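Before any comments, here is the structure.
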Amino acid sequence: MGKNLTSREEDYSKWYNELVTKADLAENSGVRGCMVIKPYGYAIWEKMQAQLDKMFKETGHKNAYFPLFIPKSYFSKEASHVDGFAKECAVVTHYRLKNAEDGSGIVVDETAKLEEELIVRPTSETIIWDTYRRWIQSYRDLPLLINQWANVVRWEMRTRLFLRTSEFLWQEGHTAHETKTEAIEEAEKMMNVYAEFAETFMAIPVIKGTKTASERFAGALETYCIEALMQDGKALQAGTSHFLGQNFAKAFDVKFANKEGKQDYVWATSWGVSTRLMGALIMTHSDDNGLVLPPNLAPEQVVIVPIYRNEEQKSAIAVVANQIKMLLNKNNISVNFDNRDTYKPGWKFNEYELKGVPVRLAIGPNDLENKTVELSRRDTLTKETIPLDTVLEVIQTTLDLIQKNLYERALNYRNTHITNVDNYTDFKNLLETKGGFLSAHWDGTAETEEKIKEETKATIRCIPIENTLESGICIYSGKPSTQRVLFAKAY
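Using the numbering used here, read the sequence shown as starting at 206 and increasing by one per residue.
Pasting the structure below:
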């Protein structure tokens, strides 16, 4: 199975596109801008989904489901929200097809026009807050902590598998609270949940921060985010959590009787991550040989490949391989014993290297004699021979080491690609030569932010939460600044 991947150094974008398809993660569909997520890719997403869902439920959230279609009039109720999504909306105008009278095929039935157009959801705030009006009457109904696993449509002109598609999968949390303080705490809490997931399970270090006013979610008073850095020096927004204030409550008249018996508007948040995380996972860890998956999210943590010359050896190796598989499965380690006789061992080694399986075990006739197995690590591409009776202990330790190594490797890259910059000339040079996050002073104005974006394609990724106040001079305007922000080119 020849990988024939373009190297990252030669063409990072081409490497990524080839890897997604050759590793059997996803492919383009017959619908422009939409993808087919293949079983192996979906298995990774399912592991992400399962862990996030567990974390959401541990923090008190419950799952629900809301309609895919949203009446157009709902969007007009919150002005900044509609402005933010208007150019990305897919609109349903008719509800029936018919055969063309000239026999040329199927056409839209012009008599079946909807009284009101329906928007295919780009996000669900409007339909959900229309629903919450019926669910919330009193402070006893609060907090309302709801999450939805769904698909959304945001019409994209330039698409790339997982990173930017017209339809994608995600989760979106929507919560209602009695006080402003509670809502802000919720938005911050969910940002921290996302950060914990990214670092503990995806092995991706992230920077927590807030967005500038121009980069906030449409309709939010504050947007919290986690930002990651890919191997090509570009940033990727890995998750966002929004404090919505009372904007949507007022737009949809969601009031509650407070403890004093007075009517008040609820306070809101929303938060979400999507299949874009798949792109982050690929671009953070993978190499020129293929995927590199952290054990905590790998669909198959271990693969066993038998090497034999005859049926007798095949049968004897199968007995040992199945014993190892049973032992590992009992200890919650996912194993694939690849006993297909239609492919040679070398082909299989190549396939599992491409697919990023963390640990590969090879068992041959000599191993049977010596009661050993050969263990290969995907992250370091190293091999060692280990005694058969230590397999469980060694694999458990190795999986932990791989998880830790991937995080530390990504952290080291990230940390060496955060550069303090104090003038605009150095800023532009570093963007082109080194990339990564540039920590620079900014005067706080949208005008300066937009000018820098126009001239360099770099955006303010976040205002880091751990930033300390530091007086300085804006790199672009020369005006006073109170702290540094992180700029980067981004996906």
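Even for Gly, the Cβ is constructed at its ideal location relative to N, Cα and C.
Because the structure is a prediction, the values reported are computed rather than measured.
Please state whether DSSP places residue i in a helix, a strand or coil.
i       : result
Thr-384 : coil
Met-240 : strand
Ala-688 : Sequence inspection shows Gln at residue 688; the Ala mentioned does not correspond to that position. Note: Gln-688 maps to coil in three-state DSSP.
Lys-262 : helix
Ala-392 : helix
Pro-550 : helix
Asn-541 : strand
Asp-605 : helix
Ser-581 : strand
Asn-233 : strand
Ile-678 : strand
Tyr-245 : helix
Ile-670 : coil
Lys-576 : coil
Tyr-300 : coil
Pro-563 : coil
Glu-251 : helix
Asn-222 : helix
Glu-377 : strand
Tyr-696 : coil
Pro-272 : coil
Quick check on this structure: which residue in the options has the alpha carbon closest to the alpha carbon of residue i?
i       : options                            : result
Glu-372 : His-622, His-382, Val-358, Tyr-548 : Val-358
Thr-621 : Lys-609, Thr-630, Gly-640          : Gly-640
Phe-402 : His-382, Thr-370, Glu-315, Lys-252 : Lys-252
Ala-317 : Lys-576, Leu-302, Ile-333          : Leu-302
Ser-329 : Val-524, Gly-477, Tyr-612, Ile-678 : Gly-477
Thr-547 : Phe-448, Ser-581, Ile-512          : Ile-512
Glu-652 : Leu-643, Ile-665, Phe-642, Ser-644 : Ile-665
Lys-662 : Thr-650, Pro-685, Ala-645, Glu-637 : Glu-637
Thr-687 : Lys-656, Gly-649, Ala-695          : Gly-649
Pro-244 : Arg-237, Glu-232, Gly-238, Val-236 : Glu-232
Asn-575 : Val-525, Val-564, Asn-555          : Val-525
Val-578 : Leu-368, Leu-224, Trp-647, Ile-522 : Ile-522
Leu-449 : Glu-427, Thr-417, Phe-457, Ala-228 : Glu-427
Ser-212 : Asp-437, Glu-675, Arg-689          : Asp-437
Ile-657 : Ser-539, Leu-691, Ser-676, Glu-306 : Leu-691
Glu-671 : Leu-224, His-379, Arg-689          : Arg-689
Ser-682 : Tyr-618, Asp-493, Thr-630, Ala-695 : Thr-630
Gly-424 : Asp-288, Ser-278, Asn-571          : Asp-288
Glu-387 : Gln-451, Ala-355, Lys-684          : Gln-451
Arg-339 : Ala-567, Asn-555, Met-260, Phe-461 : Phe-461
Ala-400 : Glu-420, Glu-390, Lys-588, Glu-432 : Glu-432
Ser-676 : Trp-647, Gly-466, Ile-623, Arg-619 : Trp-647
Gly-569 : Ile-487, Thr-590, Glu-556          : Thr-590
Ala-695 : Ala-443, Glu-556, Ser-419, Glu-283 : Ala-443
Going by beta-carbon coordinates alone, are residue i and residue j separated by less than 7 angstroms?
i       : j       : result
Ala-615 : Pro-410 : yes
Thr-489 : Ile-668 : no
Trp-454 : Tyr-429 : Reading the sequence as shown, one finds Ala at residue 454 and not Trp. Going by C-beta atoms, Ala-454 is not nearer than 7 angstroms to Tyr-429.
Met-160 : Lys-413 : Given a span of 206 to 696 for the chain in the structure shown, any question on residue 160 remains unanswerable.
Gln-353 : Phe-271 : yes
Asn-541 : Val-508 : yes
Trp-375 : Ser-479 : yes
Gly-495 : Lys-219 : no
Ala-228 : Leu-502 : no
Trp-250 : Glu-293 : no
Thr-364 : Gly-235 : no
Ile-607 : Pro-504 : no
Leu-347 : Glu-377 : no
Arg-582 : Val-497 : no
Ser-539 : Gln-506 : yes
Ile-275 : Ile-324 : yes
Phe-280 : Thr-331 : yes
Lys-549 : Val-510 : no
Ala-408 : Leu-224 : no
Met-531 : Val-398 : no
Glu-391 : Thr-380 : yes
My understanding is that residue i touches residue j, with C-beta atoms under 8 angstroms, so please give their C-beta distance in whole angstroms.
i       : j       : result
Glu-322 : Val-297 : 6 angstroms
Ile-341 : Leu-349 : 6 angstroms
Tyr-337 : Val-459 : 5 angstroms
Ala-440 : Ala-693 : 4 angstroms
Ile-680 : Phe-632 : 5 angstroms
Val-599 : Leu-580 : 7 angstroms
Thr-474 : Ser-446 : 7 angstroms
Leu-573 : Asn-536 : That pair is no contact at about 23 angstroms.
Leu-368 : Gly-484 : 4 angstroms
Gly-246 : Leu-257 : Their Cβ separation, rounded to whole angstroms, is 17 angstroms, which puts Gly-246 and Leu-257 out of contact at 8 angstroms.
Mind checking if residue i is an interface residue toward chain B, Cβ cutoff 7 angstroms exclusive?
i       : result
Asn-544 : The structure shown has no chain B; it contains just one protein chain.
Item to complete: Would you list, in sequence order, the uninterrupted alpha helix (DSSP H) runs of no fewer than 4 residues that lie entirely inside the region 608 to 653?
Response: DSSP runs (the alpha helix (DSSP H)) wholly in the region 608 to 653: 629 to 638.
Practice prompt. Please specify which runs of the beta strand (DSSP E), each continuous and at least 3 residues long, are wholly inside the region 474 to 536, giving them in chain order.
Written response: Counting only runs that start and end inside the region 474 to 536, the beta strand (DSSP E) elements of at least 3 residues fall at 507 to 511.
Worksheet item: Which ranges does the alpha helix (DSSP H) cover as unbroken runs of at least 4 residues, wholly within the region 314 to 375, from first to last along the chain?
Response: For the region 314 to 375, whole alpha helix (DSSP H) runs of length 4 or above, ordered along the chain, are 330 to 340.
Item to complete: Jot down the residue ranges of each uninterrupted alpha helix (DSSP H) in the region 409 to 462, minimum 4 residues, whole runs only, in chain order.
Response: For the region 409 to 462, whole alpha helix (DSSP H) runs of length 4 or above, ordered along the chain, are 452 to 456.
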